[in-house]
Each structure stands twice: as structure tokens, then as C-alpha cells.
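Scroll down for the structure; my scribbles are underneath it.
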Amino acid sequence: MRLNICSAIILSLVFGLTATTIGYSQPRRNIKVVLQIEQTGKSSQENVQGSGSVIIRRGTVSPSGRLTAGDRQTTVQRSSGIFTLVADGGESILTVATRVPQSEVAYYHNYALGVGYIERRIVFNDVGTSLRVNAASLPDGQIKLRLTPRISYFSVERPGAIDFTEAATELIVPNGQSVSLGGSTTNLHELTRQILGYRDRASSNETGLTVTATLQ
79 MRLNICSAII
89 LSLVFGLTAT
99 TIGYSQPRRN
109 IKVVLQIEQT
119 GKSSQENVQG
129 SGSVIIRRGT
139 VSPSGRLTAG
149 DRQTTVQRSS
159 GIFTLVADGG
169 ESILTVATRV
179 PQSEVAYYHN
189 YALGVGYIER
199 RIVFNDVGTS
209 LRVNAASLPD
219 GQIKLRLTPR
229 ISYFSVERPG
239 AIDFTEAATE
249 LIVPNGQSVS
259 LGGSTTNLHE
269 LTRQILGYRD
279 RASSNETGLT
289 VTATLQ
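The opening position of the sequence shown corresponds to residue 79 in my numbering, with each subsequent residue numbered one higher.
Written out as C-alpha cells, the structure is:
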């Protein structure tokens, strides 16, 4: 009778621990990271153009002329974006590159014979741009992001070599809210003088980059 009671207690403890473990085990969630690029371009153009002529008829001179003016303003907005799904606490890599073959030289030393030889082999490297995204959810409902863009290119000073530039940005964003990462502004002003007029053209381009991380 004591054995049955002990067995019942042990089984109840085992089932209780199993239920507790199952209750706290949660599937790993994903984080959707969206990078949005917004461009706004404004251009204005003003021009004044004149034309004239002189007509001579039997000793009389009849000049004639005409003046035309125009004004045009244009606004263009463009928006593009990319997204990736990252496992909570993991990373994802977006790559736009070309795989190029390269000759690699490796040196091996044969300890048995005490001689060395050189082996040549072909390897493939990615040349282009890539973005590494690390994402992890925080206890307060926010998301920690680490964005690492990398640009690789063929070296100008060393033929056959590949150089790369890499930078990392770490930030904490609210779940599901867009955060601006920065942008750039470009202004252009051009004035063209003509014999009978002029043309004035001005344009400005603004580019903004935003990121949105959503826990799914």
C-alpha cells in the first residue's frame, strides 16, 4: 500500500513537472524587418526666348519680333522597399552580388619528406553588396536591431584583389513602428544665357530611409 502511495506521488510530480515544462515552452517567433526608401524630387524650369527678323522692301525697313516665356514645375515621389524574416535572436543576410572565380595559392609542407609544394586552386567570391540583419526581441516589447551593410569591389591598386567596406548600426525600435535612419538632400541650379533669352532650371532630391521591425 505504501508503494502505491509513493508511486502515485512520484507520478503526480512527474506529470506536474512535464505539464509545467510544456506550458513554458513556446515556439521561436520571427521578426519581420522592412527597409523603406522614399525619394522626393522637385524641379522647376523658367525660360524666356525671343525671336526677331528684319524685312527690307524698296527702301523701307520693317522689323518684327516675338517673345515667349514658360514656367514648369514638377514633383515626383518614389518609394521602394525590401524585407526579410529573421528568427528571434538570429540573423538574415540580403545579398546582391556576382560570384567571380579567383585563383588562390596555398602552401603545404610535407613533414614526411621534408619538402614543400605550392597548390593552385579556383575559388568563387561574391562581389557586390550585402546587408546582414540581426534582430532580437526585448522584455519591454521593443526590438533590438543590428544592421551591417557590406560593399565589396575589385581593387584598383591591386589587380585581382577584392576590397570591402563594412559598417554596423545598432538601434532599438518599437514593435511595429517606423523609425527614420537618416537621408540625404541634393540641390542643383543651372542658368543658361542665350542671345535672345535665358533658361533657369533648379531641382532638389530628398532621400529618406526608414526601418520597421514587427514581431510575428
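Note that CB positions come from ideal geometry on N, CA and C, so glycine has one too.
The C-beta distance from Leu259 to Val211 rounds to 13 angstroms, too long to meet the 8 angstroms contact threshold. The alpha-carbon separation between Ile171 and Ser282 amounts to approximately 33 angstroms. In the three-state DSSP reduction, Ala246 falls in the coil class, being neither helix nor strand.
Look at Pro141 here: in three-state DSSP terms it is strand. Taking C-alpha positions only, Thr247 is separated from Ile229 by approximately 15 angstroms. In the structure shown, Gly167 adopts coil according to DSSP, grouped into three states. Taking a C-beta distance under 8 angstroms as the contact criterion, Asp149 and Glu124 qualify as a contact pair.
Taking the Cα positions, Gly275 is about 9 angstroms away from Ser129. By DSSP's assignment, Asn253 forms no beta bridge with any residue. In this structure, the CA atom of Leu293 is about 30 angstroms from the CA atom of Gly206. With respect to the 8 angstroms criterion, Val251 and Ala291 are classified as neighbours on the basis of their beta carbons.
Segment contact: the stretch 111-118 against the stretch 155-162, three or more CB-CB distances shorter than 8 angstroms; contact assigned. By the C-beta density criterion, Val174 is exposed, having fewer than 16 other C-beta atoms within 10 angstroms.
Under the three-state reduction of DSSP output, Val126 falls in the strand class. Residue range Gly275 to Leu293 is occupied by the beta strand (DSSP E) that includes Ser282.
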